[in-house]
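When we follow my numbering, the leftmost residue of the sequence shown carries the number 603, and every step to the right adds one.
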Amino acid sequence: MRVAVLGVGYVGAVTCGCLAQLGHQVVGVDVDAGKVQLMAGGSSPVREPGLDRLIEEQVAAGRLTATTDVAAAVSASEISLVCVGTPSGEDGLLDVRQLERAVRSVGRALRDSDGMHTIVIRSTVLPGSCERLVLPLLEHESGALAGERFELACNPEFLREGSSIADFLEPTRTVIGELRSGAGDAVEELYAGLSGVVFRVGLAEAEAIKLADNAFHALKVAFANEIGSLGRAVGADGREVMRVLAADTRLNLSPAYLVPGNAFGGPCLGKDLRGATALAAEAGLDVPLLGAIARSNERQLQRVVDAALATGATRICLAGLAFKRGTDDLRESPLLELAARLAAAGIDVAAFDPGVSVDSIGGANARWAQARLPSLSRLIAATLREALEGVGALVVGADVPGLVEAVAARPALPVIDLVGLLPPGPAVAHVAW
Ligand SMILES: NC(=O)c1ccc[n+]([C@@H]2O[C@H](COP(=O)([O-])OP(=O)(O)OC[C@H]3O[C@@H](n4cnc5c(N)ncnc54)[C@H](O)[C@@H]3O)[C@@H](O)[C@H]2O)c1
603 MRVAVLGVGY VGAVTCGCLA QLGHQVVGVD VDAGKVQLMA GGSSPVREPG LDRLIEEQVA
663 AGRLTATTDV AAAVSASEIS LVCVGTPSGE DGLLDVRQLE RAVRSVGRAL RDSDGMHTIV
723 IRSTVLPGSC ERLVLPLLEH ESGALAGERF ELACNPEFLR EGSSIADFLE PTRTVIGELR
783 SGAGDAVEEL YAGLSGVVFR VGLAEAEAIK LADNAFHALK VAFANEIGSL GRAVGADGRE
843 VMRVLAADTR LNLSPAYLVP GNAFGGPCLG KDLRGATALA AEAGLDVPLL GAIARSNERQ
903 LQRVVDAALA TGATRICLAG LAFKRGTDDL RESPLLELAA RLAAAGIDVA AFDPGVSVDS
963 IGGANARWAQ ARLPSLSRLI AATLREALEG VGALVVGADV PGLVEAVAAR PALPVIDLVG
1023 LLPPGPAVAH VAW
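Right, here's the structure in full:
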């Protein structure tokens, strides 16, 4: 393919060299004439292991050129990858001035084109930027609507400086966000033959994946450091602790617990987290990340309560009560807490959980439930049908048998689906979750 790469900094220069190596005809474009001159002369404009040689080889092979002339580069290409900088702005948001300028220049270059051109945002941008910023700029400058003369896609970059060539050529996954179905076809073609899974998603999801990735990496570093500090304070080797923690690929380094939904709960997580933070406090150690987890969890719970109240329903069905499906353990169950808060707000709550019956729970479990929600026995319905009678909204907290069919029969019922049980779509009046 004929490819223009706008911005030949760390991401753009690697992209140029690697795409040329894959056999594409690549032109690197930058407003910095010095960088362009370096690349055109066969050197890397940035320092990165192996990149000088790669660029030298590709320039010598005639597959890589460089220019400051955007219009010429874009009109000679089928696809443009925008790799300009998006530094942090004073307000913490990303500064998109380089992006705006680059996108405008591509749009202008497309004004008189007759073929179809794919514009790909590879720079890191905040979710919504492609659709709300890039698209209108492109339409305005090109004088065409998306799909007429251009397609718009987002293809975030996940390379790490220092190992970026290997990261580029051996990806674990490729993320392609599309304005509309098919808009990312040319991007997928560009990377044909590379390793990893290709994810075709919406533009906002692609943008958000990059942000979530970096937030997750930062979270992991901060978490490991707090565990290390806590370990030091109490005489445990933090590196050993984290090494063994990482060896569990079922719950720790796995997709487990990584699905947005309800708050966590149960008899252990909250208790042990309180133990860890209290221990840190006793040792005079500040662990703001560990300390923030309970606050974050409380916020999540209250968001569910607020969403349920916002439906305006006076009677609400809660499907699921126990903290884990198939058990009757109500201790620190977020669903029991939800029922308690809704009841306290004057809502007529009807709860159904096939694993929970008033007669079956006892001991500490019963004492907890009774203390948190004295009216529990009145709220528990014997069947799902009974729980759904006369309700104005439903909160799905567990995969209760018969629920999907029951909801399908009441398409106008507002549903807050905390577990992703129901298929999204017009059949259900979903409350966004
Ligand atoms: N550096 C990384 O490790 C990395 C990894 C993944 C994603 N990213 C993201 O990729 C983007 C680029 O990062 P970078 O580190 O390569 O930035 P960079 O600052 O090294 O390079 C950006 C380049 O864009 C050029 N540029 C600015 N305006 C231009 C225009 N209108 N037309 C053409 N070129 C223009 C600049 O002169 C510069 O050479 C950022 O959004 C960044 O967040 C970076």
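The beta carbon of each residue, even a glycine, is placed where N, CA and C say it ideally should be.
Near ligand 1: residue i beta-carbon under 6 Å from a heavy atom
i, result
"L608", "yes"
"G611", "yes"
"A704", "yes"
"S677", "no"
"Q639", "no"
"S725", "yes"
"C732", "no"
"C685", "yes"
"D787", "no"
"E743", "no"
"E763", "yes"
"Q904", "no"
"Q700", "yes"
"D634", "yes"
"V605", "no"
"T688", "yes"
"E780", "no"
"V629", "no"
"E991", "no"
"E809", "no"
"E750", "no"
"E772", "no"
"E753", "no"
"E650", "no"
"E759", "yes"
Neighbourhood of residue i by C-beta, 6 Å cutoff - its chain only, sequence neighbours within 5 removed
i, result
"G614", "V607 and C685"
"R713", "S744 and G745"
"V772", "The identity of residue 772 in the sequence shown is Glu, whereas the question assumes Val. Excluding residues within five positions, the ones whose Cβ falls inside 6 Å are S797."
"A673", "A711"
Integer Cβ distance of residue i from residue j, believed to fall under 8 Å
i, j, result
"R927", "A865", "Between A865 and R927 the Cβ distance is about 16 Å, and since that is not below 8 Å, they are no contact."
"L740", "V705", "6 Å"
"G784", "E807", "About 16 Å separates the two Cβ atoms, so there is no contact after all."
"S690", "D697", "7 Å"
"L1023", "V998", "5 Å"
"G830", "R782", "At roughly 47 Å, the Cβ-Cβ gap does not stay under 8 Å, so G830 and R782 are not in contact."
"V907", "L1020", "No, V907 and L1020 are not in contact; Cβ-Cβ is about 12 Å, not under 8 Å."
"R917", "D950", "4 Å"
"C732", "L761", "No, C732 and L761 are not in contact; Cβ-Cβ is about 20 Å, not under 8 Å."
"A1077", "L986", "Beyond the ends of the chain as shown, which are 603 and 1035, falls residue 1077; an answer cannot be given."
"V836", "L881", "7 Å"
"V586", "F770", "Residue 586 lies beyond the range of the chain shown here (603 to 1035); nothing can be said about it."
Close-in-space but distant-in-sequence residues of the same chain around residue i (CB under 7 Å, 5 per side omitted)
i, result
"L747", "E741"
"N899", "A865 and F866"
"Q660", "G619, A622, Q623 and L666"
"D815", "F760"
Residue-chain proximity (residue i, chain C), Cβ-Cβ < 7 Å
i, result
"V633", "In summary, chain C is missing from the structure at hand, where a single protein chain is found."
Same chain, Cβ closer than 8 Å to residue i, neighbours up to 5 away in sequence not counted
i, result
"R834", "G840"
"G609", "V631, D632, V684, C685, V686, G687, Q700, A704 and S725"
"G872", "F866, A896, N899 and E934"
"L1078", "For residue 1078 there is no data in the structure shown, the boundaries of the chain being 603 and 1035."
"N757", "L683, V722, I723, R724, T776, V777, I778, G779, G786, V789 and A808"
"V803", "V777, I778, G779, E780 and I811"
"A678", "R604, A606 and V629"
"G868", "F925, K926, D931, R933, E934 and S935"
"L813", "T726, L728 and P729"
"P854", "Reading the sequence as shown, one finds Asn at residue 854 and not Pro. Closer than 8 Å at Cβ, skipping near neighbours: L847 and A848."
Discussion item. Under 8 Å: do the stretch 673-685 and the stretch 705-721 share three or more Cβ pairs, one atom per stretch?
Written reply: yes
Discussion item. Any contact between the stretch 645-659 and the stretch 755-767? By contact I mean 3 or more CB pairs, one from each, below 8 Å.
Written reply: The stretch 645-659 vs the stretch 755-767: in contact.
Worksheet item: Between the stretch 971-986 and the stretch 942-951, do at least 3 Cβ pairs fall closer than 8 Å?
Response: yes
Worksheet item: On the three-pair Cβ rule with 8 Å, is the stretch 1013-1024 touching the stretch 903-917?
Response: yes
Discussion item. For the structure I just gave you, are there three or more beta carbon pairs, one from the stretch 623-636 and one from the stretch 665-673, closer than 8 Å?
Written reply: Because the criterion of three Cβ pairs below 8 Å is met, the stretch 623-636 and the stretch 665-673 touch.
Discussion item. Taking 8 Å as the cut-off, does the stretch 884-894 touch the stretch 958-973 (at least 3 CB pairs, one atom from each stretch)?
Written reply: Look at the beta carbons and you see the stretch 958-973 not touching the stretch 884-894: under three pairs across the two are nearer than 8 Å.
Worksheet item: Can you find at least 3 beta carbon pairs, one from the stretch 793-813 and one from the stretch 851-866, that sit closer than 8 Å?
Response: no
Worksheet item: Is there contact between the stretch 917-932 and the stretch 950-966, where contact requires at least three CB pairs shorter than 8 Å?
Response: yes
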